[in-house]
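Sequence order for the protein chains is U and X.
Heads up, the first sequence is in my numbering, so the first residue is 1 and it goes up one at a time.
Heads up, the second sequence is in my numbering, so the first residue is 121 and it goes up one at a time.
By construction, the Cβ of each residue, glycine as well, lies at the ideal position given by its N, Cα and C atoms.
Note that this is a predicted model, so its numbers are computed, not measured.
Beneath this line is the structure, given in structure tokens, with notes to follow.
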Amino acid sequence: MTEFYRQYLSVAVLIGAAALMFGAMLGAGRLLRPNRPQPEKFITYEAGSDPVGGWGQSNVRYYVYALLFVMFDVEAVFIFPWAVNLKSLGVYGLIEMAVFIIVLTLGLVYAWRKGVLRWA
Amino acid sequence: MWEQQVAFWVLAVAMAAAAIGVVRSRNIVHAALFLVVVLAGAAAQYILLAAEFVAWVQVLIYIGAVVVLFLFGIMLTRAPMHDDAGALDNDQRWGGLVVALFVLGVLIALLVNAFGGKKIHFSNALVSLGRTSHVGTDIFRVFVVPFEVVSMLLLAALVGAVVLARKD
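In structure tokens, the structure reads:
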């Protein structure tokens, strides 16, 4: 096995250990706790009052924030390989990334000017 | 390398089971969580192929952003949350099967055509090809124009999203 796989094997071992611990803790809880089901216990907890309705449709404004997040997540993905090669790419890379970020900032400015970032 | 084979099959079986869970789950939020398992399995497969950067991009973009977008989308619609048999079933099993077999056939034909009979040997050179620094050198020295075009594409998507969301 090469060094590369050995490194990721430790990641896999960590994930396995985490899953095992998670299962062991929940399993121990299931074995130790008393089991007396009552219908009231299955109601969603909502600050002491009975929950009303079922599915609350959320505001479309949240969706704009989620979409903006996806855009800037993709931008971040391109920043990583640039940041790793920052020294070797030098000023050339800096200009490239500046153009990239400025173009995307235009979109943010557009969203701002259109008022979708304001919560009113 | 047998370790790689074992890891591949373990991941492949887990991905296939989770993929069936995506389409069979009665609870749409559970379906989205099954999708996380499938996407994480794909990221692990990229690691097995020594494509380290692609694997972490898969985790960041697909699990970090696209699934979040799915969950927001579910919250926006009036989706049936609880076991509403029928409501999530649109009875397209046979059409789905035909499409799945077609996609499988196309993928097999493509892969055999591209890599049939070729043996890719795992080496340190292959690992360094997948590293972030190597990908960065490629993007910023060779594919400069496509990289800047990506920013335009993202801008267009962002403006489109804003225009769509304001029509409320």
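- Here U/A47 is exposed, its C-beta having fewer than 16 other C-beta atoms within 10 Å.
- Rounded to whole angstroms, the separation of the alpha carbons of X/A170 and X/W122 is 16 Å.
- The Cβ atoms of X/V143 and X/L155 lie no closer than 8 Å to each other.
- Counting only residues of its own chain and dropping the five nearest sequence neighbours on each side, X/A127 has a CB closer than 7 Å to the CB of L168.
- Counting only Cβ-Cβ distances below 8 Å, U/D73 has contacts in chain X at L180, I181, G184, A185, in chain order.
- By the neighbour-count criterion, in which 16 or more other beta carbons inside 10 Å mark a residue as buried, U/P37 falls on the exposed side.
- For X/G237, no alpha helix (DSSP H) run applies, since DSSP gives it neither H nor E.
- Exposed is the label assigned to U/L86, since fewer than 16 other Cβ atoms lie within 10 Å of its Cβ.
- Flagged as an interface residue toward chain X: U/T2, by a C-beta distance shorter than 8 Å.
- Nearest to X/L275 by alpha-carbon distance, out of U/I102, U/T2, U/G90, is U/I102.
- Remark: C-beta atoms of X/A234 and X/I194 do not approach each other more closely than 8 Å.
- Burial state of X/S271 is buried, judged by a 10 Å Cβ sphere holding 16 or more other Cβ atoms.
- At a beta-carbon threshold of 7 Å, the residues of chain X lying near U/V103 are S271, M272, L275, ordered along the chain.
- The Cβ-Cβ distance between U/G90 and X/F260 does not fall below 8 Å.
- The DSSP-derived three-state label of X/I194 is helix.
- In this structure, DSSP gives X/T252 a helical state, which the three-state scheme calls helix.
- Within chain U, no C-beta atom comes nearer than 8 Å to that of X/R144; the closest sits roughly 21 Å away.
- Residue environment analysis places U/M25 among the exposed positions, since fewer than 16 neighbouring C-beta atoms fall within 10 angstroms of its C-beta.
- Residue state for X/I183 is assigned as helix, using DSSP reduced to three classes.
- Under the DSSP assignment, U/Y5 falls in the alpha helix (DSSP H) whose first and last residues are 3–32.
- Where U/T44 is concerned, there is no enclosing alpha helix (DSSP H), because DSSP gives it neither an H nor an E.
- Take U/M71, set aside five residues on each side of it, and the residues of its chain with a beta-carbon closer than 8 Å to its own are L104, G107, in chain order.
- At a C-beta separation below 8 Å, X/L278 has these neighbours in chain U: L67, L68, M71, L104, G107, L108, Y110, A111.
- Residue range 61–84 is occupied by the alpha helix (DSSP H) that includes U/P81.
- The C-beta of X/G141 comes no closer than 8 Å to any C-beta of chain U.
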